[in-house]
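Residues -18 to -1, 1 to 423 in mature numbering (1 follows the signal peptide of the UniProt record, and there is no 0) are what the sequence shown lists, from first letter to last.
For every residue, glycine included, the Cβ atom is placed at its ideal position computed from N, Cα and C.
Working notes, beginning with the structure itself.
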Amino acid sequence: MKTMIIGLALALSVAAVAADWPQYAGINRDNVSAETGLAGSWPSAGPKVLWETKVGDGYSGPAIVDGKAYLTDRDGEDSLLRCFEMKSGMELWKVSFGDPGILKSKKYDGTRGTPTIADGKAYLVTSYGTFVCIDLKSQKVKWQHNLSKDYNQDICQFGIAQSPALYGNMVLVAPNSKEVGVAAYDCKSGERLWTSKGLGFHSFVSPRIEKVCGQDMVIAVGSAEPEPRETRRKHGEPKSEPAEPSTLEPCHIVGLSPKDGSVLWDYTNWRCKWAIPHPVALADNHFFITGGYDAGSAMIQIVKKTNGFEAKELYKTDDVGSQLHQPIQVGDHLFIGSNSNSRKDGLASFSLDGKLAWRTKDIDDAPNFERGPFILADGKLIILDGKTGILHLVKADPEKFQLLASAEMVEENDMAWAPLALSDGRLLVRDWNTLKCVELK
């Protein structure tokens, strides 16, 4: 089955070369690279580390365009866009913009999101909701907004995690406040063009453009409504059990019109306390939805009716659930990092018709991978273990798990969750405060 994705390519004045990784999850936002010629095994010492550099604390992911890497970073009360040369790791420049703030949970207070690079501009959102456009040639901020202030958003303890999406002359973000779900801005001027109605809370799922039933739609997700402020645990109080999914308000998985943000369809029979992975777009207008916090997964199909569209539920399952990273499609299966706070299934192969093929939890001596990021390239899954910091190479075989190579890569810290990026055989991988470039050819 072939995924139908529009993504960034529509916004580029010149087609991106195959080696670029210009936004979150790659050119099509599916964590799939078209690169070939990658090594099928590694030396005992692991793949060669070409360079490494210190970065600010956090989980922000890199984008790569024309031999340069771009990363959202933090220095004191300023947020930064940093630009590195891919060959050497040398910092070419950085743009600083005032962005004071601290998250409610100091443990998770760090950078998030991946900058989107197109037409000589960078678009990014910080953990505190500052949304900026930066001109790469002049290294100047062209325009700036604050999503939290503009939309009266109460930033939760995990901050805001958004990676802007481009469509024509628009750049899209999801504030996910009570009043506004998705907002569209003019790329050039920064003028707000439209907003959708409120879809839920917690800005962890970035909007994405997909072709659905023959027309372009903005796919977005709003999480369940948070528990009332007066019922939240106070500092020093013992932790309570997480809310059962059945007691939460439903999430909204929606298709919006890119013209005005109006809701074309809305699926509401799935509940997740914190929705993070983007739904996976599949052929025949199918979407696979997954989450952590005991939310499980669901498959839906969008059907065109005479009076609009219907989101038809095909099945729900508790067999798999990914807390952080979106699954990757290979043929008629999905590879899913089926781990969360409570679920420890490891990597799973799951058929599109709802059957579990295998999971590493059931395989002797197989890694768990924790909640680490992964991408697909040249028939292989490149997976960073989110706990141990070990980088793994796995054959992308839905029928059988086959580990090809493993190597210690970053420090063990339980939270190596940042997205990976691959360009010209070079992998960018980071932990809490170090960015590394690794040769995979």
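Could you tell me the boundaries of the beta strand (DSSP E) in which residue i lies?
i: S78; result: E73 to G80
i: R408; result: R408 to R412
i: K377; result: I372 to K377
i: G95; result: Where G95 is concerned, there is no enclosing beta strand (DSSP E), given that its DSSP letter is neither H nor E.
i: R341; result: L338 to R341
i: V392; result: It is not in any beta strand (DSSP E) - V392 carries neither H nor E in the DSSP assignment.
i: E192; result: R190 to V194
i: E292; result: G290 to T299
i: Y249; result: V245 to Y249
i: Y90; result: Unbroken run through Y90: none, as it is neither H nor E.
i: H184; result: Here H184 belongs to no beta strand (DSSP E), and DSSP marks it neither H nor E.
What's the call for residue i, buried or exposed, on a 16-neighbour Cβ count within 10 Å?
i: T96; result: buried
i: G278; result: buried
i: K103; result: buried
i: Q197; result: exposed
i: Q139; result: exposed
i: M152; result: buried
i: K423; result: exposed
i: K122; result: exposed
i: L417; result: buried
i: A403; result: buried
i: D413; result: buried
i: D2; result: buried
i: N134; result: exposed
i: V420; result: buried
i: I84; result: exposed
i: T108; result: buried
i: S26; result: exposed
i: V302; result: buried
i: D276; result: buried
i: P82; result: exposed
i: K369; result: buried
i: N323; result: exposed
i: T98; result: buried
i: R211; result: Because R211 sits at a pLDDT of 42, beneath the cut-off of 50, its placement in the model cannot be relied upon, and the following sentence gives the value as read from the coordinates. With fewer than 16 Cβ atoms within 10 Å of its Cβ, R211 is classed as exposed.
i: V285; result: exposed
i: A51; result: buried
i: E161; result: exposed
i: D314; result: exposed
With DSSP as the reference, identify every bridge partner of residue i, one or two as the case may be.
i: G319; result: L329
i: W125; result: C115
i: W176; result: A166
i: F351; result: F351 is not bridged to any residue.
i: Y110; result: Paired residue(s): none; Y110 is not in a bridge.
i: D12; result: Note: D12 sits in no beta bridge, so no partner.
i: V153; result: L148 and Y167
i: D198; result: K193
i: T35; result: L417
i: M281; result: F270 and Y297
i: K103; result: A100 and D117
i: Q311; result: L316
i: D57; result: D60
Our contact map puts residue i next to residue j with C-beta atoms below 8 angstroms; I'd like the distance itself, whole angstroms only.
i: A165; j: V155; result: 6 angstroms
i: R253; j: P232; result: 6 angstroms
i: G43; j: A400; result: 5 angstroms
i: G182; j: A147; result: With a Cβ gap of about 18 angstroms, G182 and A147 do not count as contacting.
i: V37; j: D55; result: 5 angstroms
i: L366; j: K377; result: Contact doesn't hold; Cβ gap of about 17 angstroms is too wide.
i: G111; j: I137; result: 6 angstroms
i: Q305; j: I258; result: 6 angstroms
i: R408; j: M72; result: Not a contact, Cβ separation roughly 14 angstroms.
i: residue 509; j: M199; result: Since the first residue shown for the chain is -18 and the last is 423, residue 509 is missing from the structure and cannot be characterised.
i: G319; j: L334; result: About 17 angstroms separates the two Cβ atoms, so there is no contact after all.
Do residue i and the ligand ATP come close, with the Cβ less than 7 angstroms from some heavy atom?
i: K170; result: No copy of the ligand ATP appears in this structure; indeed no ligand is present at all.
Legend entry - Cβ contact check for the stretch 291 to 300 and the stretch 350 to 360: 3 or more pairs under 8 angstroms: no
Inset, instruction - Specify whether the stretch 70 to 78 and the stretch 5 to 20 touch according to this definition: at least 3 beta carbon pairs, one from each stretch, less than 8 angstroms apart. - result: no
Legend entry - Inter-stretch contact at 8 angstroms, needing at least 3 Cβ pairs: the stretch 334 to 343 / the stretch 380 to 397: yes
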